[in-house]
Every structure is written in structure tokens, then in C-alpha cells.
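*Asks:* If you scroll down you'll find the structure; I have some questions about it.
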Amino acid sequence: MKFNFSYTIDALPRLLEGALITIEIAAIGFILSLTIGTLITVFRTVSQSRLLNAILAVYISFIRGTPLLIQIFLVYYALPAIDFLPGPGELRIDLGPVTAGIVAITLNSIAFVTEILRGGLAAIHKGQYEAAWALGLRNYPLWRKVVLPQLFMKTIPPLVSEFTQVLKATPLLAMITVVEMMRVSQQIFSANYHPVEVLSGAFVLYFLICFVVSRSSILLERRFAVRSF
Amino acid sequence: MSIKDNIQPLVELFDVRKCFGQTVALGGVNLSVARGEVVCVIGPSGCGKSTMLRTINWLEVPDSGKVVLDGQPIGIRIGQNGKVSPQASKDLNKTRSRMGMVFQQFNLWPHLSVLDNITRAQEIVLRIRKEDAKEIAYRLLKQVGLSDKTDALPDQLSGGQQQRVAIARALAMDPILMLMDEPTSALDPELVGDVLSVLQQLAEDGMTMIIVTHELGFAAKFADRILFMDRGLIVEDGPPQQLLQNPETDRLKFFLKQLGDMNLNIPGVM
Amino acid sequence: MDLDFQIILDWWPLILNGFKLTLVIVVGAILLGIPLGGLLAFGRQSRFKIISISATAFIELFRNTPFMIQVFLLFYVLPFYGIRIPANIVGIIGLALFGSVYYAEIIRAGIDAIPRGQLESARSIGMSHWQSMTNIVLPQTMRIILPPIGNQTLSLVKESSILSTITVQELTMSALIVQGQTFRPFEIFIVITLLYWGLNELIATGLRIYERRLERRSLSDPASA
């Protein structure tokens, strides 16, 4: 059999639409995860709550110890099976595929983001807090003006890397009927019986997206990061 | 001191030059070492003494110049038409096996026992049978005073013991030349003496040795010659008495004064 | 809400087979992937431009694409060229290729961690580059790369669930089958989750024990400065 490039070209428009969905889902998921992850990190540092840290430890162990595909299935298939109201009447959380997918991916990413931020926080010189405190900065301004900017500057590479992971996670959503680029590919080649040509196109697109994102890490660093001692 | 056999020098360096980026490490070094000579190389940090030593077994490749061992050029091959090309690996490896090198950081192989450290190269490089290699190893360990350590692992030994094993490992190859790159610099003071005794024994047995060292006491007693290097060149070259008691150049005078200020016991000087 | 864990017992043979297949696939991927990673690591350093560029390209391609599309492509490409092999083998090969690029980096880091003096003392005694690597450098490398290799293994266990998408009947696939047959997703996914989590913790604990033993050995090293 010969590779027929025209099938790849023909598939391109729909693949690009799928790519857009892929990027949208990844972006939403990552922004949510970064926001929630930051809030969790600030809260755990300020409150020093042993309970919170314990819960987080179990949560992170769970997320990192189980496959993302299973986590997705849990949110999409298993969660609706739970009736939160005993007795008559029902309360279920039944999420549509896209919502379930974003929820699963976000929950997954939060575990990694909090670990990244925790590591970055530990690397910030304690003198920073002390100097700010001595200047009269407390709580919100302390965090907003002193700690968080440094934290994000330090953690740009691992955070960009995590975003790449989120991008690479999106095809799994095809398994719960989300029409992102992977599912689009399947739809196309199940109609034209040329999986290799179509998948090759999708492969190249995924590569371009992830490659550009990971290279941009260097650019972002140059723009935002300050080399500290 | 007896007259050493001086027919053909064992080691010769001809205008050896080496730069690391912008820094000149060797600015044209010329040297001739006879069989049985013990040469100590001294000088301030960064003067190029280690680099020079390492060009002799081609661990550093000179930018220009020639290094000759026992009449044969090292690292290069001169073809029929006089064309110079890199030496074949096989030949370089063989040449290297005729020289023993002892490093400041010992560089024993931590995953092998003391015995295996000494026998491994014999088996692989010289194709000596395991039993024969072991015999040689036992003899050498006795010579350096570590017969009881055959099955120990390097990290179970003190620095001085490790260095003596390293010397035994080098001697196991029956070299015609020993190169030592600051063999005692990484040792605690009380361990230095044991290693120096081994070196002394080697010198008295007639081994040709080139030793980069800070131990001026040892150099004064056992070296036939001392080379003083500074900024990539051999500045002074002569017997210990002459160099240490009557330094000619200001640089050597300054160097010795600095060491004197640090209160080292150099017989014959101060 | 009513739970029926009896179905787990009923379907246990299938679940167990899926679990076993997951283990087989991961082990196969490790056995294939590590040598491949070694080749890539050395390929990258090769003096021959064509080899070093190919190795680098291979690594970049596999790092910047989702595993799922790698296995899909592999699954459909092989018959395309007339090669017919069972899905399980395709799964092992796919997982091995995926893992190899990470193994390459681990191996490279391991080799770089060995002090130059080790290689120098071996070369200066007359060993060839090959002899030095196999006798002196690589044995030391093997010891220190075990923890990162172990971590990568954990990653492979999780990625293996994606093989369910190319009809491999590993653990995740068994969950989908049971769900399809019993219409009870909750019980089965909880059990499968616990099985994955348990396996992960088992391997992670084993690694921690090994790392602690490694640390204790190097602390007893008086000459480590």
C-alpha cells in the first residue's frame, strides 16, 4: 500500500478545527488548575493546617498513582452512579462529556501544579518574607507583590511542561466522545479507510502544538524570569 | 647519586603548546627525561604542570608540538610521506599501558574490590590470566603494605590506603614510566607519609617518575631534578640543591618565599 | 444507592487477567525500552551527524506527541506495510518506544554523573573506550539510575491504560468490559482504581527502600569529598 498524501490534505481542515478544540480544552483546564492550585498553595502555606496537608498528600498520591484515563472514566461513568441523597429523591452529578473531561483533567493537573508551586515556594529565600514583613507588608499584599511574582518566575519551566502534559492528555477525552482532534481523526478515517494518512496529519499537528509550547518556555523565561542566586 | 643511563631519553616533549579557549595552558614546553630519573614538577596553581603531565599520556591533546616515549611519538602517527595523522586507538591504548598514572583523587573503581581494581586491567589490556594477575596483585599489595585489604571495597579504605592501591594498580601493568598528578594533595597530613614511602621505594628501585607535587621535602630528598613551571612554561630546571637553595629567577624566589611563609620544612632551604 | 460487589467476584477472572497482562506489557516495555534508550543516548552523542540528528529527531517526536496517537499510528501503520502482529505486541512495542526516550535521558544523566576521573583512570591504564565503558562506567551508572528508571516504570504502568484504546485487554479494558456487561460502573471502576493505586504504591515503596539502602552505602564512604 502506498501512502496517499491527498487524504492527509483533505483531512486537514477538520483536523485543524479539532486542534482548536484541543487547545481550548487544555487552556481552560490549565488556567483553572493554575488558579485553584495557587489558591490551595497560598492557603496551605498561610494556615499551616496539618489536616489540609494530609488531605492534599492523599489526593496527590491518588492522582499520581492512577492512570488519567481511569480518572476520566471515574468522573464520566462512575460519578453519575452515585446518589448523594439516601432515601427517596435523587441527587446526582451527571456531567456531559466535555465538562467531565475538563473536570477530570483539571483535577489531575491541580495535583501536579500544587507540587510544582510547593517546590518553587521552598526555593524562595526566607529573607524575602522577613524583609517584606519588616516593611509592614502582610497577607494579601505580601503575597501579591512579593511572593507570587517570584514564585511564578521561578516555576515557568515546570509549569509550561505541565501545560504540555495537559495538551497531551486531551486525546484521552476521545474515549468519552469529546470531539477533539483525536476523535475527529477517528471519524475521518472510519469513513475513508485511510487511518495512516489521517493519523499522520494529526500526529504532525500534535507535534507542532507541543513543540511550539515547550520552546516558548525559553521565551517566557527570558521575558519574565529574573535569575536569582 | 649514581650516573643514570642517558643514551636515549625515555620521555621527550618538543615545543608542546596547549590552549583552553583564550587561556594559554602550555606555551611551548621542552623537556627531556632519562631512564631512571625522578623529576618533580612544582609551581603555582594554574602554571600548567598538570596539563603538561597529562599530555604525556595524551589525556590532554596538545595543539602543537610532539611528545615522544622511548623513541616513539605518542598520539600521532607519521606516515610514509611525512604526513601527520592521529594515532590508531589500538596503538595509543598500548602506549598508555606502558605508562602508569596516579591521580590526585585516586580514581579507584568503587564497584570493584581492591584485588579486582588491580587485576582487571591486567586481564583486559595485557590479556594476563586471572591466576597470574592475582599473583602480581598480591605481590604489589604486599609492596605497598596492604596485603590484608584484598577483598575490601575502595570506600572502606582511608585516602592514603586508596592512593597506595592506585599506585599498585598502575604498577601491575609493569610500566616503564610513572606519572603522578599531585598524589598526596588530597590526603590528610598524617596519611601523606605512607604514600611518600611507597614513592621513595619506587624511586630507589629505579622507576622513571614524573611527579607533580607540592611536597618540596620529598622533592629535595628524592628528585634527581626539579622543574619549576609558571604560566605554561618551564622556568627553571635543575637538581634540588641548585633550584631550592639558589633560585635564579625572581618568580621561583617568590614562589619559595610564599611556601616558606607557610612554614614548610624543606631540608637545605631556610 | 445500592452497591453490588458480587459482580466483582463474578468477573474476577477477567479482572485478574487484565492485571496480569498489564504487568506483562510493562515488563516487556521495560526490557525493550531500556536498551533502546541506551542506543538513543549514545546515538545522540555520535560523531556521525546523521545518527545524532536521527536520534534527536526521534526523541523530540516522541516527547512532543501524546502516547495515544503514537500507539494508534503504530496500530494502523504496521498492517499498512503488511506486518500483522497481535495488538498486545503492538502495545508492548508502543510502550517501549514511548519509554525509550525518557530512558535515554535517564541513562545520559547517569553516565554524566560518573566523575570524569573514572573514565580517565581506565583510559590511562590502556583500556579502550569500549572497555572503559563496559567495565568501569556503565556498571556504576546502572546502580544510580535505578531510582529514576523505577519512576519511569510507574509512568509506564499508567500509560499502559491507554492501550485499551487499541483493543488490548489489559486492566482498563477489563473495567470497560465489566461495565458494559453489568451496567454498574461504580463498583468496577473503584476496584480497578484501587488495583492501579495499589500497584503504584507497591513499586514506589520498593523504590524508596532501594534508595534508602543506596544512601546508607554512600554515607559510609570516608573518601567521598
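Here the protein sequences line up with chains A, B and C, keeping their order. In terms of this note's numbering, the first sequence opens at residue 1 and continues consecutively. In terms of this note's numbering, the second sequence opens at residue 1001 and continues consecutively. In terms of this note's numbering, the third sequence opens at residue 2001 and continues consecutively. Don't be surprised by glycine CBs; every beta carbon is placed ideally from N, CA and C. A quick note: this is a predicted structure, and the numbers were derived from the prediction, not measured.
Following the continuous alpha helix (DSSP H) through A:Phe207, name the residue where it begins and the one where it ends.
*Replies:* Looking up residue 207 of chain A in the first sequence gives position 207. Here the alpha helix (DSSP H) through A:Phe207 covers Pro195 to Phe224.
*Asks:* Return the residue from the list C:Thr2193, C:Ile2025 and C:Leu2207 that minimises the CA-CA distance to A:Phe73.
*Replies:* Looking up residue 73 of chain A in the first sequence gives position 73. Of the listed residues, the one whose Cα sits closest to A:Phe73 is C:Thr2193.
*Asks:* Whose C-beta lies closer than 7 Å to the C-beta of A:Ile176 among residues of the same chain, with five residues either side of it excluded?
*Replies:* For the purposes of this step, residue 176 of chain A is taken as the residue at position 176 of the first sequence. Only Ile72, Tyr76, Pro97, Ala100 and Gly101 meet the Cβ criterion.
*Asks:* Can you name, in chain order, every residue of its own chain whose Cβ lies under 6 Å from the Cβ of B:Gln1122, other than the five neighbours on each side?
*Replies:* By 1-based counting over the second sequence, the position of residue 1122 of chain B is 122. Hits under 6 Å: Ile1128, Ala1133 and Ala1172.
*Asks:* What does DSSP give as the partner residue(s) for A:Val184 in the beta ladder?
*Replies:* Locating residue 184 of chain A in the first sequence gives position 184, counting from the first residue. Partner(s): none; A:Val184 has no beta bridge.
*Asks:* In the structure shown, what three-state DSSP assignment does A:Glu24 receive?
*Replies:* In the first sequence, the residue the question calls residue 24 of chain A occupies position 24. Note: A:Glu24 maps to helix in three-state DSSP.
*Asks:* In angstroms, rounded to a whole number, what distance separates the CA positions of A:Ala134 and A:Leu151?
*Replies:* In the first sequence, counting from the first residue as 1, residue 134 of chain A sits at position 134. In the first sequence, counting from the first residue as 1, residue 151 of chain A sits at position 151. In a straight line, the C-alpha of A:Ala134 is about 20 Å away from that of A:Leu151.
*Asks:* Which residues, in order along the region 2035-2049 of chain C, keep a beta-carbon less than 9 Å from a beta-carbon of chain B?
*Replies:* Those would be none; no residue qualifies.
*Asks:* Three-state secondary structure (DSSP) at B:Thr1023?
*Replies:* Here residue 1023 of chain B is taken as the residue at index 23 of the second sequence, counted from 1. Note: B:Thr1023 maps to strand in three-state DSSP.
*Asks:* CA-CA distance, B:Arg1077 and B:Val1084?
*Replies:* Taking the second sequence and counting its residues from 1, the one referred to as residue 1077 of chain B is at position 77. Taking the second sequence and counting its residues from 1, the one referred to as residue 1084 of chain B is at position 84. Distance between the alpha carbons of B:Arg1077 and B:Val1084 is about 6 Å.
*Asks:* Using a Cβ-Cβ cutoff of less than 6 Å, which residues in the same chain neighbour C:Gly2028 once the five nearest sequence positions on both sides are dropped?
*Replies:* In the third sequence, the residue the question calls residue 2028 of chain C occupies position 28. These residues qualify, in order along the chain: Ile2092.
*Asks:* Enumerated in chain order, which unbroken segments of the alpha helix (DSSP H) with a length of 4 residues or greater are wholly contained in the region 2006-2047 of chain C?
*Replies:* As far as the region 2006-2047 of chain C is concerned, its whole alpha helix (DSSP H) runs of at least 4 residues are 2006-2044.
*Asks:* Name the residues in the region 2123-2135 of chain C whose C-beta lies less than 8 Å from a C-beta of chain B; which are they?
*Replies:* Residues passing the 8 Å Cβ filter: Arg2123, Ser2124, Ile2125, Gly2126, Met2127, Ser2128, His2129, Gln2131 and Asn2135.
*Asks:* How long is the line joining the alpha carbons of C:Pro2013 and C:Ile2007, rounded to whole angstroms?
*Replies:* Indexing the third sequence from 1 puts residue 2013 of chain C at position 13. Indexing the third sequence from 1 puts residue 2007 of chain C at position 7. Those two C-alpha atoms are separated by around 11 Å.
*Asks:* For B:Leu1140, collect the residues of the same chain with a Cβ closer than 7 Å to its Cβ; drop the 5 residues on either side in sequence, then sort them by chain order.
*Replies:* Locating residue 1140 of chain B in the second sequence gives position 140, counting from the first residue. These residues qualify, in order along the chain: Ile1118, Ala1168, Leu1171 and Ala1172.
*Asks:* Among B:Glu1135, B:Gly1082 and B:Asp1181, which residue has its Cα nearest to the Cα of B:Thr1051?
*Replies:* Counting from one through the second sequence, the residue named residue 1051 of chain B turns up at place 51. Answer by Cα proximity: B:Asp1181.
*Asks:* Are A:Phe189 and A:Pro195 close, meaning C-beta to C-beta below 8 Å?
*Replies:* For the purposes of this step, residue 189 of chain A is taken as residue 189 along the first sequence, with counting starting at 1. For the purposes of this step, residue 195 of chain A is taken as residue 195 along the first sequence, with counting starting at 1. Result yes, Cβ atoms of A:Phe189 and A:Pro195 sit closer than 8 Å.
*Asks:* So, at 7 Å on beta carbons, what are the nonlocal neighbours of B:Gln1162 in its own chain, with the 5 sequence-adjacent residues on each side left out?
*Replies:* Locating residue 1162 of chain B in the second sequence gives position 162, where the first residue counts as 1. Within the same chain, B:Gln1162 has close Cβ partners Phe1106, Leu1108 and Pro1154.
*Asks:* Are C:Ile2106 and C:Ala2122 touching if we call contact CB-CB under 8 Å?
*Replies:* In the third sequence, counting from the first residue as 1, residue 2106 of chain C sits at position 106. In the third sequence, counting from the first residue as 1, residue 2122 of chain C sits at position 122. The answer is no: Cβ separation not under 8 Å.
*Asks:* At least one CB of chain C closer than 8 Å to the CB of B:Lys1066: is that the case?
*Replies:* On the second sequence, residue 1066 of chain B is found 66 positions in, with the first residue counted as 1. No, its Cβ sits nowhere closer than 8 Å to a Cβ of chain C.
*Asks:* Among residues of its own chain, excluding the 5 on either side of B:Arg1120, which ones have a beta-carbon nearer than 7 Å to its beta-carbon?
*Replies:* Residue mapping note: residue 1120 of chain B aligns to position 120 of the second sequence, counting from 1. Around B:Arg1120: Leu1112.
*Asks:* With a threshold of 7 Å on Cβ separation, who are the neighbours of B:Val1212 within its own chain once the five nearest residues in sequence on each side are excluded?
*Replies:* In the second sequence, counting from the first residue as 1, residue 1212 of chain B sits at position 212. Taken in chain order, the residues that qualify are Val1041, Lys1049, Ser1050, Leu1053, Met1180, Asp1181 and Glu1182.
*Asks:* What did DSSP end up calling B:Met1270 once you bin it into helix, strand or coil?
*Replies:* Position 270 of the second sequence holds residue 1270 of chain B. Reliability of the predicted coordinates at B:Met1270 is poor, the pLDDT of 38 falling under 50, and the value obtained from them is presented with this limitation in mind. The answer is coil: DSSP assigns B:Met1270 none of H, G, I, E or B.
*Asks:* Please return the same chain residues whose Cβ sits closer than 6 Å to the Cβ of A:Ala26, not counting the five positions on each side in sequence.
*Replies:* What you label residue 26 of chain A is simply residue 26 of the first sequence in a count that begins at 1. For A:Ala26, where only same-chain residues beyond five positions count, the Cβ hits under 6 Å are Val166, Leu167 and Thr170.
*Asks:* Here's the rule: buried if 16 or more other CB atoms are within 10 angstroms of the residue's CB, otherwise exposed. What is A:Ala11?
*Replies:* As a position in the first sequence, residue 11 of chain A is number 11, starting the count at 1. Buried, since its Cβ has 16 or more Cβ neighbours within 10 Å.
*Asks:* Assign B:Gln1241 to one of two classes, buried (16 or more other C-beta atoms within 10 Å of its C-beta) or exposed (fewer than that).
*Replies:* The residue you call residue 1241 of chain B lines up with position 241 of the second sequence. Under this definition B:Gln1241 is an exposed residue.
*Asks:* Should B:Thr1150 be counted as a contact of the ligand ATP given a C-beta to heavy atom distance under 7 Å?
*Replies:* By its list of ligands, the structure shown contains no ligand whatsoever, and the ligand ATP lies outside what it can speak to.
*Asks:* Identify which residue in B:Thr1184, B:Ala1137 and B:Gly1065 has its Cα closest to the Cα of B:Ser1158.
*Replies:* Position 158 of the second sequence holds residue 1158 of chain B. When only C-alpha atoms are compared, the closest one is B:Thr1184.
*Asks:* Rounded C-beta distance between B:Arg1017 and B:Asp1063? I'm assuming under 8 Å.
*Replies:* Taking the second sequence and counting its residues from 1, the one referred to as residue 1017 of chain B is at position 17. Taking the second sequence and counting its residues from 1, the one referred to as residue 1063 of chain B is at position 63. With 8 Å as the limit, B:Arg1017 and B:Asp1063 qualify as a contact, their Cβ atoms being about 5 Å apart.
*Asks:* Verify the CB distance criterion: does A:Ala100 have a CB-CB separation below 8 Å to chain C?
*Replies:* By 1-based counting over the first sequence, the position of residue 100 of chain A is 100. Not closer than 8 Å to any Cβ of chain C, the Cβ of A:Ala100 fails to qualify, so no.
*Asks:* Answer with buried or exposed for B:Met1099, where buried requires no fewer than 16 other C-beta atoms within 10 angstroms of its C-beta.
*Replies:* Taking the first residue of the second sequence as 1, we reach residue 1099 of chain B at position 99. That one is buried.
*Asks:* Is there a Cβ from chain B that is less than 8 Å from the Cβ of C:Glu2215?
*Replies:* Here residue 2215 of chain C refers to the residue found at position 215 of the third sequence. Output row for C:Glu2215: interface = no.
*Asks:* May I ask you to report which of helix, strand or coil DSSP gives A:Ser33?
*Replies:* On the first sequence, position 33 is the one that residue 33 of chain A refers to. Helix, per DSSP.
*Asks:* Please classify B:Val1029: is it buried, with 16 or more other beta-carbons within 10 angstroms of its beta-carbon, or exposed?
*Replies:* Residue 1029 of chain B sits at position 29 when you count from the first residue of the second sequence. Its Cβ being crowded by 16 or more others within 10 Å, B:Val1029 is buried.
*Asks:* How would you write the range of the beta strand (DSSP E) that B:Arg1225 sits in, first residue to last?
*Replies:* Position 225 of the second sequence, counting from 1, holds the residue named residue 1225 of chain B. Here the beta strand (DSSP E) through B:Arg1225 covers Arg1225 to Asp1230.
*Asks:* Starting from B:Arg1077, follow its DSSP beta bridges and name the residues at the other end.
*Replies:* What you label residue 1077 of chain B is simply residue 77 of the second sequence in a count that begins at 1. BP columns for B:Arg1077 point to B:Ser1085.
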